[in-house]
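Each remark here refers to the structure printed beneath this line.
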Amino acid sequence: MTEEFSINNEQMGKRIRELREKEGLTQDALSEILSVGPNVIGCYERGEYGPSKKTLRLICQHFGVSTDYLLYGETENVEDIMEQVDHFSDADKLKVLVRLMHYFIKGNVLTKEDKACRDHMKVIIDQLFESEE
476 MTEEFSINNE
486 QMGKRIRELR
496 EKEGLTQDAL
506 SEILSVGPNV
516 IGCYERGEYG
526 PSKKTLRLIC
536 QHFGVSTDYL
546 LYGETENVED
556 IMEQVDHFSD
566 ADKLKVLVRL
576 MHYFIKGNVL
586 TKEDKACRDH
596 MKVIIDQLFE
606 SEE
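Numbering-wise, my numbering puts 607 at position 132 of the sequence shown, and it's gapless, one number per residue.
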């Protein structure tokens, strides 16, 4: 049985408004950041229509959220993921860390939080390899 998701522009608009207000941005300021007309943000927030794919990506990158969150309100439960990783062997944890580093280094657009995480992981990996010498 497949679960179908439909995009609710009104709910997505509420999430855009919450993110904008949390960051202290006006609609005009966000419209400049996204290079859209000054009335467009209001239309998004009222649910009149949703952003284009390009603008959706820019909104997600600017606010550091996933498209799943913006479109559907879904978020990953980080606590559950961390609990699963805690049960990994040290070797498997290192493999996960290396894969994450590869993702961050290969040129993906990163949020401020991603960059901080990447930098922290670089330090950890450097320490791991220094301790083996």
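From the three backbone atoms N, C-alpha and C, an ideal C-beta is built for every residue, glycine too.
Source: prediction; values computed, not measured.
Thr542 and Pro513 have their C-alpha atoms spaced approximately 23 Å apart. Pairing Ile491 with Tyr524 gives a Cβ-Cβ distance that is not under 8 Å. Minimum Cα-Cα distance from Asn483 among the listed residues Val560, Ile600 and Gly548 corresponds to Gly548.
Straight through space, the alpha carbons of Leu505 and Arg495 are spaced by roughly 7 Å. When only Cα atoms are considered, Lys497 and Lys528 end up about 23 Å apart.
By the criterion of a C-beta distance shorter than 7 Å, Pro526 is surrounded in its chain by Tyr519 and Ile534, once the five residues flanking it on both sides are discounted. Put simply, the backbone Cα of His577 is about 26 Å away from that of Thr530.
Closest in alpha carbon position to Ser481, among Glu507, Asp503, Tyr544 and Leu575, is Tyr544. In chain order, Arg495, Pro513, Ile516, Gly517 and Glu520 place their CB closer than 8 Å to the CB of Gln502, counting only its own chain and leaving out the 5 sequence neighbours on each side.
When only Cα atoms are considered, Lys597 and Leu575 end up about 10 Å apart.
Remark: C-beta atoms of Val560 and Lys568 approach each other more closely than 8 Å. Bounds of the alpha helix (DSSP H) holding Asn484 are Asn484 to Lys497.
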